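Numbers 1 to 245, taken from full-length UniProt numbering, label the letters of the sequence shown in order.
Here a beta-carbon is modelled for each residue, glycine too, at the ideal position from N, C-alpha and C.
These numbers were taken from a predicted model, which means no experiment stands behind them.
Some notes on the structure that comes next.
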Amino acid sequence: MQSGFYLSGVASQMTQQKLNDINHNLANVNTIGFMASRSSFSSTLADQINGQTVASPTSYSSYNNSFVDMKEGNIRATGNDLDFAIQGNAFFKVRLDNGEAAYTRAGNFKLGANGGLLTQSGQPVLDQGGAEIVLPAGKVTASQDGTLSVDNNPVTRFGMVTIMDASLLDRHGNTLMTTPVENTAPAEEGVTVRQGSVEGSNVNSILAMTEMVATTRSFEATMKIIEQYNQQTSQLNDRVGMVQG
Numbered sequence: 001m002q003s004g005f006y007l008s009g010v011a012s013q014m015t016q017q018k019l020n021d022i023n024h025n026l027a028n029v030n031t032i033g034f035m036a037s038r039s040s041f042s043s044t045l046a047d048q049i050n051g052q053t054v055a056s057p058t059s060y061s062s063y064n065n066s067f068v069d070m071k072e073g074n075i076r077a078t079g080n081d082l083d084f085a086i087q088g089n090a091f092f093k094v095r096l097d098n099g100e101a102a103y104t105r106a107g108n109f110k111l112g113a114n115g116g117l118l119t120q121s122g123q124p125v126l127d128q129g130g131a132e133i134v135l136p137a138g139k140v141t142a143s144q145d146g147t148l149s150v151d152n153n154p155v156t157r158f159g160m161v162t163i164m165d166a167s168l169l170d171r172h173g174n175t176l177m178t179t180p181v182e183n184t185a186p187a188e189e190g191v192t193v194r195q196g197s198v199e200g201s202n203v204n205s206i207l208a209m210t211e212m213v214a215t216t217r218s219f220e221a222t223m224k225i226i227e228q229y230n231q232q233t234s235q236l237n238d239r240v241g242m243v244q245g
């Protein structure tokens, strides 16, 4: 009975976490540069539960963590000179308010008062040397390798990095992520930048809705099982120890 309670509780926790991830993904289906959250689970052979040896070991799954889905979103043209999209496994590098480096696929940038290139939430975009990108007045253009020019004069180049292990990414809001520097490397060969375009969210809303319905049904079924265990426990407590006349 105790093992049933335990496994049902684990299943409930897993399902709830998966629902949280799906809800977060659906809320950001139209967010530029958003990368979906996925839940990972691990399988465990349980021969002891709550300190007691189980006669028949049971294999069950448990929640491991959430990770970032690195699949690329669709790229759409905007015609805005300060919009940039990356094709390939790479991220733009920006600086957080605390000085820490962060990474994003959201390339819908803007200019600050001093010509600094900023994210929509105000973080400075960094060049390949780690300095903040500042552009003089003029017509901004970008080559496929990420070199930025103003009035056809090269000024700087985007600092783009490849993330080696997506499981080590931590979210900061919806489109910014941090990770240990040793988990980054210079952008891979073949990575290109498209000016006048942005990358949309990589969430497929139809698949996400289908997944939500299936997960909700699973959660409801788990709740029913837990309710049945509660009823059985109540009946045992009421009947055990009764004196038979």
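Look up S111 in the DSSP assignment and give the residues it is bridged to. According to the sequence as given, residue 111 is Leu; it is not Ser. The partner list for L111 (beta bridge, DSSP) reads L117.
Give a yes or no on whether the C-beta atoms belonging to Q144 and R76 are separated by under 9 Å. no
Helix, strand or coil at L26 [DSSP, three-state]: helix
Pick from V68, P186, D81 and N25: whose alpha carbon is nearest that of L111? D81
Supposed close pair A106, I163 - CB separation, criterion 8 Å: With 8 Å as the limit, A106 and I163 do not qualify as a contact, their Cβ atoms being about 15 Å apart.
Anticipated Cβ contact below 8 Å, T104 with G196, distance rounded: Incorrect: roughly 18 Å between the Cβ atoms, too far for contact.
Whole-number beta carbon distance between N174 and N28, since they are thought to touch under 8 Å: 5 Å
Could you spell out the range, first to last residue, of the beta strand (DSSP E) harbouring S197? S197 to E199
In angstroms, rounded to a whole number, what distance separates the CA positions of N20 and H172? 17 Å
Reducing DSSP to helix, strand and coil, say where M177 ends up. strand
Which residues does DSSP pair with F34 in a beta bridge? Paired residue(s): none; F34 is not in a bridge.
Return the Cβ separation of V94 and A102 in integer angstroms, given the expectation that the two are a contact with Cβ distance under 8 Å. 5 Å
Would V125 and F91 be called neighbours here (beta carbons separated by less than 9 Å)? no
Can you tell me where the beta strand (DSSP E) holding F84 begins and where it ends? F84 to Q87
Coil, strand or helix - A166 by DSSP: helix
Residue closest to L117, alpha-carbon to alpha-carbon, out of D83, N23, N98 and G88: D83
Three-way DSSP call (helix, strand, coil) for I49 in this model: Confidence at I49 is low in this model, with a pLDDT of 47, below 50, so its placement is unreliable and the value that follows should be read with caution. Correct three-state label for I49: strand.
Option in T178, T184 and A142 with minimal Cα separation from E100: T178
Exposure of K18, with buried meaning 16 or more beta-carbon neighbours within 10 Å: buried
With DSSP as the reference, please indicate the residues paired to N153 in a beta bridge. V150
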